[in-house]
Every structure is written in C-alpha cells, then in structure tokens.
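Under UniProt numbering, the sequence shown has 49 at position 49, and the numbering climbs by one with no breaks. For glycine and all other residues, C-beta sits at the position ideal for the given N, C-alpha and C. Below is one structure, written out as structure tokens, with a few remarks after it.
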Amino acid sequence: MKMTHEKPPNICGDKQRELWYSEPVLRMKKTVESVTQGQPDKVCDQIADAIVDEYLRRDTHARVDVNVLGSHGMVMIGGEVTSTADFDIGALAKQVYAEIGYKDDIEVFVNIETQSDEMKRVVNGVTDNMVVNGFATNETRELMPRAVVYAQNLARRLDDLRKSDPMF
C-alpha cells in the first residue's frame, strides 16, 4: 500500500494544520470479490440453506438456527431447531456437497438440539442482531456497483464452465 502525505487546507490555523499533516494519509484501492460454488464458506452456506429449506418444506412453522463449519473433508452442523420435521441432515449435507461438484466423500457431524422451552418463550423472532448498510446505484441494471456485477457475472460463468466442461 502506498502512503502519501497531502497538506490539508489551512482552515484551523497553523498548529492544527501541523498536527493534521503529521498523520500519514493512506490511499487505498477498493476490490470486489464474488466466490464460486466450491469456495468453503459458500459450500457451508449452501448446506445451511438446504437444511433450512428442508425443515420449512416439511414444517412451515419450523424455527431453525443452524451453523455449518467445513474443513478438509469434514462438515460440522450444529444449532437449535423447533420443528416436527424429521430427516437425515447428514445425507442432505452430502447430497449438496455432491451437487456442487465434489467427487470425494465427506464426514458429517450433526449436533442439532431441540430449542429449550425457555428460549421458545423468550425468543419470538430473529435471534441474531446485525446492522446492514447498502446502497443502490444507477451504474447497472442490477442497481449495484459495476465492479460487483462484473465479479458476480465472472464467478457465475466460471461455475457454468466447471459444470459443463469436464476439461475446465
């Protein structure tokens, strides 16, 4: 990263200007990332999505809090669920892994607990807190920054090539 010193305008007097000028001003380049299907975090997201979808398909009133961690041929699935649905979560995780395109087998560990009665009474909605910032731009039809759209299109095309061309 290249560091540059730039003099600010003299709006606060010489003493303030000297203090300001003594701090380095960092010029940063922005980058954009869009990952393909085989990326480990995306694999875990797809497995978690499939689990939530399956619970909701079988029980529209299900409450599902699932976390997935994957590493070197292993997937750990944990969380809490309130649902009448019952299915083989490990088999579903292996199915998603294979659909992504992996040929090797994975070991799946599942530790899904029933949500406690106390938590059911206390929590009536989302249990995760977050702040999301975003914006729309007129740079593209998607209303997203051009660089994001380019990165997503490139990643999507790479996924398509990987699935359709065995030599890719």
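Cβ-Cβ separation between K42 and V35: approximately 5 Å, consistent with a contact (criterion under 8 Å). Counting the other CB atoms within 10 Å of its CB gives Y97 a total of 16 or more, which places it among the buried residues.
In the DSSP assignment, the residues bridged to V64 are V81.
Here R58 has A85 as same chain residues with Cβ atoms under 6 Å from its own Cβ, once five neighbours each way along the sequence are excluded. Spanning the alpha carbons of E139 and P145 requires a straight line of approximately 6 Å.
Less than 8 Å separates the beta-carbon of A93 from that of V75. At the C-beta level, A151 and V32 come within 8 Å of one another. Take I47, set aside five residues on each side of it, and the residues of its chain with a beta-carbon closer than 6 Å to its own are V68, A93, V96, in chain order. S164 counts as exposed, since fewer than 16 other C-beta atoms from the protein chains shown sit within 10 angstroms of its C-beta. If you look at N153, you'll find it in the alpha helix (DSSP H) that goes 146-164. Inclusion of F87 and E54 in the CB contact set at 8 Å is warranted, their separation being smaller than that value.
Among the bridge pairs identified by DSSP, M74 is matched with S71, E107. DSSP places E99 within a helical segment (H, G or I) once states are collapsed to three.
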